[in-house]
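The listed protein sequences derive, respectively, from chains B and L.
Using my numbering, the first residue of the first sequence is number 474, and each one after it goes up by one.
Using my numbering, the first residue of the second sequence is number 19, and each one after it goes up by one.
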Amino acid sequence: MIRFVDVHKSYRVDGKDIPALHPFSLDISDGEVFGIIGHSGAGKSTLIRLINLLERPSGGRILLGDTELTALSEASLREQRRHIGMIFQHFNLLASQTVADNVAFPLRLAGAREPATIRARVDELLARVGLTEHADKYPSQLSGGQKQRVGIARALANRPSILLCDEATSALDPQTTASVLELLAEINRELKLTIVLITHEMDVVRRVCDRVAVLDAGRIVEHGAVADVFLHPQHATTRRFVNEALPEEVAGEQSLYQHVPGRILRLSFRGEATWSPTLGRVTRETGVDFNILAGRVDRIKDLPYGQLTLAMHGSGVDAALQALRQAGIEVEELAR
Amino acid sequence: MSMMMSTFSATAPVLQHLFPDIEDWSELAQACLDTLLMLGGSLTLTVLFGLPLGVLLYLTGKGQLRAMPKLYGALSLTVNILRSPPFIILMIVLLPLTSLLVGTKLGIRGAIPPLVIGAVPFFARLVETAFREVEHGVIEASQAMGATTWQIVRHVLLPEARVGIWASVTVTAIALVGYTAMGGAIGAGGLGDLAYRYGYLSNKPDYMIVTVLLLIVLVQILQVIGDRIVGYYGRR
Ligand SMILES: Nc1ncnc2c1ncn2[C@@H]1O[C@H](COP(=O)(O)OP(=O)(O)O)[C@@H](O)[C@H]1O
Ligand SMILES: [Mg+2]
Chain B
474 MIRFVDVHKS YRVDGKDIPA LHPFSLDISD GEVFGIIGHS GAGKSTLIRL
524 INLLERPSGG RILLGDTELT ALSEASLREQ RRHIGMIFQH FNLLASQTVA
574 DNVAFPLRLA GAREPATIRA RVDELLARVG LTEHADKYPS QLSGGQKQRV
624 GIARALANRP SILLCDEATS ALDPQTTASV LELLAEINRE LKLTIVLITH
674 EMDVVRRVCD RVAVLDAGRI VEHGAVADVF LHPQHATTRR FVNEALPEEV
724 AGEQSLYQHV PGRILRLSFR GEATWSPTLG RVTRETGVDF NILAGRVDRI
774 KDLPYGQLTL AMHGSGVDAA LQALRQAGIE VEELAR
Chain L
19 MSMMMSTFSA TAPVLQHLFP DIEDWSELAQ ACLDTLLMLG GSLTLTVLFG
69 LPLGVLLYLT GKGQLRAMPK LYGALSLTVN ILRSPPFIIL MIVLLPLTSL
119 LVGTKLGIRG AIPPLVIGAV PFFARLVETA FREVEHGVIE ASQAMGATTW
169 QIVRHVLLPE ARVGIWASVT VTAIALVGYT AMGGAIGAGG LGDLAYRYGY
219 LSNKPDYMIV TVLLLIVLVQ ILQVIGDRIV GYYGRR
């Protein structure tokens, strides 16, 4: 468990303290993928860097399990950091070292000397990230996605229990992003380590995170399970992020339907409900008519979900709404 | 040396014809050797002292791993002071210190202390700059992995900055060639001494020409070697 208790952080700039994170408390559970989303300058990097104390908090306590990080000596902090892997937007690999030596670096820092032992562990890590053939290349000879895989292998070398990802996919194209996220999800599943992931893209959160916190100008304005936040964003900033990930019709851009007759409804399906023919059954039973204005079916991590915007006609609309809600479908009526 | 001498004697008739002023070619060969010895000795010591000083300048600088504004300010000022006077003046100012350190003000031994004291601040600054070129993210990544400051210097800064460091060694070596020639004028021996004594004071311009030619060749060789090393590491 990573636990922030009344933590805040200010930077001293020209003799003045400028707050980067206003006081907040937050718990991140073992084994989850926790996303932190926010615009540039919101304080995301500051927050994630508090977890390995690359930044010291201006106040409050940060606990990893029972260990209070802020109370550790320099030496114990270094020891603790070996159990926290970190990957970066710009990879931060040693340009003068081969892929294998980059991955071996944290092992050597931790005192590994035996070449055979190091080699075996490096091979194992490179196999996990799919770079076995590239062991003797230099970083400049790799693509962005491959560099990030080296970064991941390096971060995993000392078998950390936490992996911190600071905009790890922000420098990658969409396809490479997808494969790196897939790798992170796999690592989370198989190694059971906690992943804290920073991004400015809701799509990244939707693909891999279990829970998410939305950061806006140094404040956590919303947090919770990704499905809840994604399907029912409360804060304006969250809504903007969600809408970026959706076509605007699905996002419920209301003015679009000003001239459409009938009552405009948005239905959200989650999990099994996504696959059952509930809408067909309810409309048959209540005798309402509908046409589909927008919709999509996708996944939030492993959870299937669907969102449909409908115009519904007929005297049985209220009964239909009730029946849909009873079947576990969330229904919102969009005002016009 | 004997090979060099025999080369001289084999080509002696031609050289004699080209540079009639020069009576004793073996004296010239000896001067050449002296210059190379002064250069080798002072370069080695400069790197030995300058590299740690460069590391210290870098580490204690503003916003760096071991930022210490007061120490940095003091080091920086000392470095600037030593770099301010022209080398020939510095050498004269240092004469008492030189005789204290090596027991003589003359010859190769007498030349080494001022050469090193003159070149260390120059080289250390270049090293500091080379370290600053290392991407901060890489250092941060190492900190996140639990590296100590010493481990970062040894395993991150030095290897990542080696292109810049080799380039600094090359520039320093070439600057030292100039310093040794100047040193010749006040008793250090070597090519500068010949050029000054015979070429200038005794008005035998051939000495001047040959000395200048040899110095050009020496600088050229140093630059080519330096470029090769930089090129080798730079490909990564
Ligand atoms: N070392 C620093 N010194 C001063 N201000 C900083 C420093 N690091 C970050 N900040 C400021 O803190 C705020 C949050 O920065 P950061 O955490 O990097 O945001 P994000 O990662 O979300 O883009 C920004 O306004 C930034 O300018
Ligand atoms: Mg950032």
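We put the beta carbon where it would ideally sit given N, CA and C, even for glycine.
Selected residue, minimal CA-CA separation from residue i, among the options
i, options, result
"Val790 (chain B)", "B:Pro579, B:Gly801 and B:Phe763", "B:Phe763"
"Leu729 (chain B)", "B:Arg712, B:Phe742 and B:Leu783", "B:Leu783"
"Pro131 (chain L)", "L:Trp43, L:Phe37, L:Val32 and L:Leu61", "L:Leu61"
"Arg246 (chain L)", "L:Met200, L:Gly121 and L:Ala185", "L:Ala185"
"Thr650 (chain B)", "B:Glu587, B:Gly618, B:Ile802 and B:Leu599", "B:Gly618"
"His512 (chain B)", "B:Arg692, B:Gln799, B:Met474 and B:Val572", "B:Arg692"
"Cys50 (chain L)", "L:His154, L:Gly79, L:Thr198 and L:Lys123", "L:Thr198"
"Phe703 (chain B)", "B:Pro492, B:Gly760, B:Gly508 and B:Ala593", "B:Gly508"
"Val595 (chain B)", "B:Ala577, B:Arg581 and B:Tyr611", "B:Ala577"
"Phe105 (chain L)", "L:Phe149, L:Asn221, L:Phe140 and L:Met226", "L:Phe140"
"His556 (chain B)", "B:Pro530, B:Ser634 and B:Glu597", "B:Ser634"
"Val677 (chain B)", "B:Leu666, B:Asp487 and B:Asp646", "B:Asp646"
"Ala47 (chain L)", "L:Arg180, L:Gly58, L:Gly81 and L:Gly208", "L:Gly208"
"Gly59 (chain L)", "L:Gly128, L:Gly121 and L:Pro31", "L:Gly128"
Bridge partner(s) assigned by DSSP for residue i
i, result
"Pro38 (chain L)", "The partner list for Pro38 (chain L) (beta bridge, DSSP) is empty, contrary to what the question assumes."
"Tyr484 (chain B)", "B:Ile491"
"Val770 (chain B)", "B:Gly779"
"Glu806 (chain B)", "B:Leu738"
"Arg684 (chain B)", "B:Phe507 and B:Ala698"
"His786 (chain B)", "B:Asp762"
"Gly558 (chain B)", "B:Leu636"
Alpha-carbon to alpha-carbon, residue j and residue i
i, j, result
"Met19 (chain L)", "Tyr90 (chain L)", "Because the pLDDT of Met19 (chain L) is 49, which lies under 50, any placement of that residue in the model is unreliable, and the number read from its coordinates should be weighed accordingly. If you take the alpha carbons of Met19 (chain L) and Tyr90 (chain L), they lie about 45 Å apart."
"Glu659 (chain B)", "Val699 (chain B)", "18 Å"
"Val755 (chain B)", "Ser749 (chain B)", "12 Å"
"Cys682 (chain B)", "Leu766 (chain B)", "29 Å"
"Ala92 (chain L)", "Ser117 (chain L)", "27 Å"
"Ala746 (chain B)", "Arg627 (chain B)", "41 Å"
"Gly201 (chain L)", "Val248 (chain L)", "29 Å"
"Tyr250 (chain L)", "Arg712 (chain B)", "53 Å"
"Leu36 (chain L)", "Ile126 (chain L)", "30 Å"
"His705 (chain B)", "His696 (chain B)", "11 Å"
"Glu65 (chain L)", "Lys482 (chain B)", "The question names Glu, but residue 65 (chain L) in the sequence shown is Val. Their backbone Cα atoms lie some 43 Å apart in a straight line."
"Ile40 (chain L)", "Ala213 (chain L)", "11 Å"
"Asn575 (chain B)", "Ile99 (chain L)", "41 Å"
"Ile501 (chain B)", "Met474 (chain B)", "6 Å"
"Leu636 (chain B)", "Asp503 (chain B)", "11 Å"
"Ser569 (chain B)", "Val156 (chain L)", "11 Å"
"Arg551 (chain B)", "Met56 (chain L)", "45 Å"
"Leu119 (chain L)", "Gly68 (chain L)", "18 Å"
"Leu83 (chain L)", "Val152 (chain L)", "13 Å"
"Thr672 (chain B)", "Gly735 (chain B)", "39 Å"
"Leu688 (chain B)", "Leu666 (chain B)", "23 Å"
"Val189 (chain L)", "Val171 (chain L)", "23 Å"
"Leu144 (chain L)", "Gly205 (chain L)", "29 Å"
"Glu717 (chain B)", "Gly538 (chain B)", "36 Å"
CB contact check: residue i to chain L, cutoff 8 Å
i, result
"Ser741 (chain B)", "no"
"Met559 (chain B)", "yes"
"Pro579 (chain B)", "yes"
"Leu537 (chain B)", "no"
"Glu552 (chain B)", "yes"
"Asn661 (chain B)", "no"
"Ser643 (chain B)", "no"
"Asn764 (chain B)", "no"
"Ile491 (chain B)", "no"
"Ser569 (chain B)", "yes"
"His563 (chain B)", "yes"
"Leu664 (chain B)", "no"
"Leu527 (chain B)", "yes"
"Leu582 (chain B)", "yes"
Test: residue i CB closer than 8 Å to a CB of chain B
i, result
"Ala159 (chain L)", "yes"
"Gly79 (chain L)", "no"
"Gly249 (chain L)", "no"
"Arg180 (chain L)", "yes"
"Arg246 (chain L)", "no"
"Gln9 (chain L)", "Nothing can be reported for residue 9 (chain L): it is not among the residues displayed for chain L, which extend from 19 to 254."
"Met19 (chain L)", "Bear in mind that a pLDDT of 49 at Met19 (chain L), under 50, signals an unreliable position, so the number given afterwards is only what the model happens to contain. Chain B, which has no Cβ nearer than 8 Å to the Cβ of Met19 (chain L), makes this no."
"Pro177 (chain L)", "yes"
"Thr147 (chain L)", "no"
"Met86 (chain L)", "no"
Item to check | Complete runs of the alpha helix (DSSP H) confined to the region 566-605 of chain B [at least 4 residues] | outcome: 572-582 and 588-601
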